[in-house]
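Student:
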Amino acid sequence: MNMPSQTLTPLAESLRPQFPTLKVEFDGTPLCYLDTAATSQKPASVIGAINNYYQTKNSNVHRAAHQLSSLATIEYEAVRQKIADLISANKSEEVIFTHGCTESINMVAAGLDPQIKEGDVILIDSAAHHANIVPWQQLANRTGAVIKPIPLTDNFQFDFKAYRSLLECEPKLVAITHVTNALGTLNPVSEIVKLAKAAGAITLVDGAQAIAHLDINVQEIDCDFYTFSGHKMYGPTGVGILYGKYDALDALLPLLTGGEMIKTVSFEETTFGKLPNKLEAGTPPIAEVFGLGAAVDFIKLHLTQAHQQQERVLLNYLTDKLSELTDIEVYAQSEQNVGVVAFNVKGEHHQDIGMLLDQQGIAIRCGHHCAMPLMDLMHIKGCCRVSVGIYSTQADVDTFIDALQQALELLD
Ligand SMILES: Cc1ncc(COP(=O)(O)O)c(C=O)c1O
Numbered sequence: 001m002n003m004p005s006q007t008l009t010p011l012a013e014s015l016r017p018q019f020p021t022l023k024v025e026f027d028g029t030p031l032c033y034l035d036t037a038a039t040s041q042k043p044a045s046v047i048g049a050i051n052n053y054y055q056t057k058n059s060n061v062h063r064a065a066h067q068l069s070s071l072a073t074i075e076y077e078a079v080r081q082k083i084a085d086l087i088s089a090n091k092s093e094e095v096i097f098t099h100g101c102t103e104s105i106n107m108v109a110a111g112l113d114p115q116i117k118e119g120d121v122i123l124i125d126s127a128a129h130h131a132n133i134v135p136w137q138q139l140a141n142r143t144g145a146v147i148k149p150i151p152l153t154d155n156f157q158f159d160f161k162a163y164r165s166l167l168e169c170e171p172k173l174v175a176i177t178h179v180t181n182a183l184g185t186l187n188p189v190s191e192i193v194k195l196a197k198a199a200g201a202i203t204l205v206d207g208a209q210a211i212a213h214l215d216i217n218v219q220e221i222d223c224d225f226y227t228f229s230g231h232k233m234y235g236p237t238g239v240g241i242l243y244g245k246y247d248a249l250d251a252l253l254p255l256l257t258g259g260e261m262i263k264t265v266s267f268e269e270t271t272f273g274k275l276p277n278k279l280e281a282g283t284p285p286i287a288e289v290f291g292l293g294a295a296v297d298f299i300k301l302h303l304t305q306a307h308q309q310q311e312r313v314l315l316n317y318l319t320d321k322l323s324e325l326t327d328i329e330v331y332a333q334s335e336q337n338v339g340v341v342a343f344n345v346k347g348e349h350h351q352d353i354g355m356l357l358d359q360q361g362i363a364i365r366c367g368h369h370c371a372m373p374l375m376d377l378m379h380i381k382g383c384c385r386v387s388v389g390i391y392s393t394q395a396d397v398d399t400f401i402d403a404l405q406q407a408l409e410l411l412d
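Everything in the sequence shown is counted per my numbering, starting at 1 for the first residue and increasing by one.
1. Quick one: residues with CB closer than 5 Å to any heavy atom of ligand 1, in chain order, please.
2. Which class does residue 291 belong to by DSSP, given the choice of helix, strand or coil?
3. Would you identify the three-state DSSP class for residue 7, choosing helix, strand or coil?
4. Is residue 46 near residue 240, with beta carbons less than 8 Å apart?
5. Can you tell me whether residue 32 is helix, strand or coil according to DSSP?
6. If I'm right that residue 156 touches residue 375 with Cβ under 8 Å, what's the distance once you round it to whole angstroms?
7. Starting from residue 367, follow its DSSP beta bridges and name the residues at the other end.
8. Leaving out the 5 sequence neighbours to the left and right, which residues in its chain are closer than 7 Å to residue 391 when beta-carbon positions are compared?
9. Measure the C-alpha to C-alpha separation of residue 120 and residue 143 and round it to an integer number of angstroms.
10. Tell me which same chain residues have a C-beta within less than 7 Å of the C-beta of residue 30, skipping the five on either side of it?
11. Within the same chain, show all residues whose beta-carbon is closer than 6 Å to that of residue 130, passing over the 5 residues directly before and after it, in chain order.
12. Taking DSSP as the reference, what is the three-state secondary structure of residue 155?
13. Label residue 37 either buried or exposed according to how many other C-beta atoms from any shown protein chain fall within 10 Å of its C-beta, with 16 as the threshold for buried.
14. Which first and last residues belong to the beta strand (DSSP E) in which residue 263 is found?
15. Which value, in whole angstroms, describes the spacing of the CA atoms of residue 341 and residue 237?
16. Is the beta carbon of residue 195 closer than 8 Å to that of residue 163?
17. My assumption, with CB atoms under 8 Å, is that residue 414 sits in contact with residue 338. Please give the rounded CB distance.
18. When the distance is taken between beta carbons, is residue 248 closer than 8 Å to residue 224?
19. Mind pulling the alpha helix (DSSP H) runs of 4 or more residues that sit fully within the region 294-380?
20. Using 8 Å as the Cβ pair cut-off and three pairs as the minimum, do the region 54-74 and the region 274-289 touch?
21. What three-state label does DSSP hand residue 42 in the structure shown?
22. To the nearest angstrom, how far is the alpha carbon of residue 99 from that of residue 229?
23. Just how far apart, CA to CA, sit residue 382 and residue 271?
24. Using a Cβ-Cβ cut-off of 7 Å (strictly less than) and excluding sequence neighbours within five positions of residue 329, which residues of its own chain qualify?
25. One question on the structure: do residue 255 and residue 128 come within less than 8 Å of each other, judged by their Cβ atoms?
26. Taking just the CA atoms, how far does residue 294 sit from residue 79?
27. By a C-beta neighbour count over all protein chains shown, 10 Å radius and 16 as the cutoff for buried, is residue 265 buried or exposed?
28. By DSSP's criteria, residue 415 is part of a beta bridge. Which residues make up the other side?
29. If you draw a straight line from the C-alpha of residue 336 to the C-alpha of residue 112, how long is it?
30. Would you kindly report the start and end of the unbroken alpha helix (DSSP H) that includes residue 69?
31. Around the Cβ of residue 6, are there at least 16 other Cβ atoms within 10 angstroms (buried) or fewer (exposed)?
32. Candidates 234, 116 and 319: which alpha carbon is nearest residue 471's?
33. Please name the residue or residues paired with residue 186 in a DSSP beta bridge.
34. With a threshold of 7 Å on Cβ separation, who are the neighbours of residue 94 within its own chain once the five nearest residues in sequence on each side are excluded?
35. Does the separation of the CB atoms of residue 43 and residue 234 fall below 8 Å?
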């Protein structure tokens, strides 16, 4: 492929042909996709793996005594091992397939019910996605536990000083975000977890935005639970992961009960099976798991250190270009940020900016980003969010900046 010699993003450019959606045009205007934090585009290998499952292996897993089902089951379990390897889990039983990150967090929040009592403190980081707030609130409503948000610094970064003093109340649980979806801020999760553990807390890290950009090592982070979705890591929708340390997972009350998760059932009582089946009631998202397996292969091959470095360079380039424009406020700027740049145009509504950009083929996200408490802290109703992925190029950023300039001229 012919690439401009001075481009900042040669690796991304070489991957683009693998993503069919990136070729979409609207009335001759090519799509400029800068909304990967909402969902990533899928490489042909992922789409092909789903197709291939339906065409050559379609059967239920774990259930039948026939060859087709054995074939599907072996491959399904092989994907579990691939995920375990990707995040350096101790064993594949520590990887639970769910329908997405939201369900994964809900499974922990519901499953912890018997371990939480009235007055227990749950700490949540203030930049969390609603998926990492509402399930804990529901848990608190059921048990009488108390939610305390961990404050942010003036630049909307995790406030360690405030966190240390909150830990003095010996929280039962600390739920944090690895990379925040609204701002792209990177939380030093190993340090946060270490302090939480020293205070005796159970820890959950929401990795929905981290998994597609960083190497994740759950041993190093040492959290009890780590959650993410397939669709944000170049895999399909409808599948997610709940990683947990074996004993922490085993202590969860299953959120869903029914087939597959049992050892024995009578009308008098049921005994549950072992992990991972115990937490995977019913027919799992089999085709999606196959697609996820292909996404893991893709990430392992392409999300190299060199590529991660290139993404950082691109994000800094984007931040710099945006900051050069007048009347733009870029939030939570830091060289550590991952995947996302959040901004507003002074005096303009974020939705208007999104609409004017959309008319030029630019796909970004505008709104509260499922982080209303954070928007309140920032004293804004919402903002524009530009997010990049493994296929995002310098040309994408240049196209976006040109389009934004045109929008600003229109509004002038
Ligand atoms: C940080 C974060 N956590 C959780 C979620 C929820 O993920 P899903 O909607 O795939 O369940 C998202 C989705 O945007 C997210 O960005």
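For glycine and all other residues, C-beta sits at the position ideal for the given N, C-alpha and C.
Tutor: Looking at the atomic coordinates:
1. The set of residues with a C-beta under 5 Å from any non-hydrogen atom of ligand 1 comprises 100, 101, 102, 129, 131, 181, 206, 208, 209 and 229, given in chain order.
2. Counting from one through the sequence shown, the residue named residue 291 turns up at place 291. Helix.
3. Translated into positions along the sequence shown, residue 7 becomes position 7. Correct three-state label for residue 7: coil.
4. Translated into positions along the sequence shown, residue 46 becomes position 46. Translated into positions along the sequence shown, residue 240 becomes position 240. The answer is no: Cβ separation not under 8 Å.
5. As a first step, residue 32 is located in the sequence shown; it is residue number 32 there, counting from the start. Strand at residue 32.
6. In the sequence shown, the residue the question calls residue 156 occupies position 156. In the sequence shown, the residue the question calls residue 375 occupies position 375. The beta carbons of residue 156 and residue 375 sit about 11 Å from each other, so the pair does not count as a contact at 8 Å.
7. The count along the sequence shown starts at 1 and reaches residue 367 at position 367. According to DSSP, residue 367 bridges with 383.
8. Residue 391 sits at position 391 when you count from the first residue of the sequence shown. Contacts found: 12, 15, 16, 19, 22 and 41.
9. For the purposes of this step, residue 120 is identified with residue 120 of the sequence shown, where counting begins at 1. For the purposes of this step, residue 143 is identified with residue 143 of the sequence shown, where counting begins at 1. If you take the alpha carbons of residue 120 and residue 143, they lie about 9 Å apart.
10. The sequence position of residue 30 within the sequence shown is 30, counting from 1. Closer than 7 Å at the Cβ level, and outside the excluded window around residue 30, lie 361.
11. The count along the sequence shown starts at 1 and reaches residue 130 at position 130. For residue 130, the CB contacts under 6 Å within the same chain, skipping 5 residues up- and downstream, are 370 in chain order.
12. The sequence position of residue 155 within the sequence shown is 155, counting from 1. In the displayed model, residue 155 falls within coil according to three-state DSSP, outside both helix and strand.
13. Position 37 of the sequence shown holds residue 37. With 16 or more other Cβ atoms within 10 Å, it is buried.
14. Mapped onto the sequence shown, residue 263 falls at position 263. Note, residue 263: beta strand (DSSP E), 262-265.
15. Translated into positions along the sequence shown, residue 341 becomes position 341. Translated into positions along the sequence shown, residue 237 becomes position 237. If I take the Cα positions, the gap works out to 24 Å.
16. Stepping through the sequence shown from its first residue, residue 163 is reached at position 163. Stepping through the sequence shown from its first residue, residue 195 is reached at position 195. When the beta-carbon positions are compared, residue 163 and residue 195 come within less than 8 Å of each other.
17. With the chain represented from 1 up to 412, any question about residue 414 goes unanswered, as that position is not in the structure.
18. Here the question's residue 224 lines up with position 224 in the sequence shown. Here the question's residue 248 lines up with position 248 in the sequence shown. In this structure, residue 248 lies closer than 8 Å to residue 224 by Cβ.
19. Runs found: 305-324, 350-358 and 372-378.
20. Taking 8 Å as the limit for Cβ pairs, the verdict is that the region 274-289 does touch the region 54-74.
21. By 1-based counting over the sequence shown, the position of residue 42 is 42. Correct three-state label for residue 42: coil.
22. Against the sequence shown, residue 99 aligns to sequence position 99. Against the sequence shown, residue 229 aligns to sequence position 229. Going from the Cα of residue 99 to the Cα of residue 229 covers about 8 Å.
23. Indexing the sequence shown from 1 puts residue 382 at position 382. Indexing the sequence shown from 1 puts residue 271 at position 271. So the two alpha carbons sit approximately 48 Å from each other.
24. What you label residue 329 is simply residue 329 of the sequence shown in a count that begins at 1. Closer than 7 Å at Cβ, skipping near neighbours: 343, 344 and 346.
25. Taking the sequence shown and counting its residues from 1, the one referred to as residue 255 is at position 255. Taking the sequence shown and counting its residues from 1, the one referred to as residue 128 is at position 128. With contacts defined as CB atoms closer than 8 Å, residue 255 and residue 128 fail to qualify as a contacting pair.
26. Against the sequence shown, residue 79 aligns to sequence position 79. Against the sequence shown, residue 294 aligns to sequence position 294. Spanning the two alpha carbons is a distance of roughly 9 Å.
27. As a working note, residue 265 is residue 265 in the sequence shown. Within a 10 Å sphere around the beta-carbon of residue 265 sit fewer than 16 other beta-carbons, which makes this residue exposed.
28. Nothing about residue 415 can be reported from this structure: the residues present for the chain run from 1 to 412 only.
29. In the sequence shown, residue 336 corresponds to position 336, counting from 1. In the sequence shown, residue 112 corresponds to position 112, counting from 1. Here the alpha carbon of residue 336 sits roughly 33 Å from the alpha carbon of residue 112.
30. Here residue 69 is taken as the residue at index 69 of the sequence shown, counted from 1. Where residue 69 is concerned, the enclosing alpha helix (DSSP H) stretches over 67-86.
31. Indexing the sequence shown from 1 puts residue 6 at position 6. Answer is exposed; the Cβ neighbour count stays below 16.
32. Residue coverage of the chain in this structure runs from 1 to 412, which leaves residue 471 outside it and unanswerable.
33. Here residue 186 refers to the residue found at position 186 of the sequence shown. Under the DSSP definition of a beta bridge, residue 186 partners with 179.
34. If you number the sequence shown from 1, residue 94 lands on position 94. Around residue 94: 84, 243, 244, 245, 246 and 249.
35. Reading the sequence shown from its first residue, position 43 is the one you call residue 43. Reading the sequence shown from its first residue, position 234 is the one you call residue 234. Yes, the pair counts as a contact, with Cβ atoms nearer than the cut-off.
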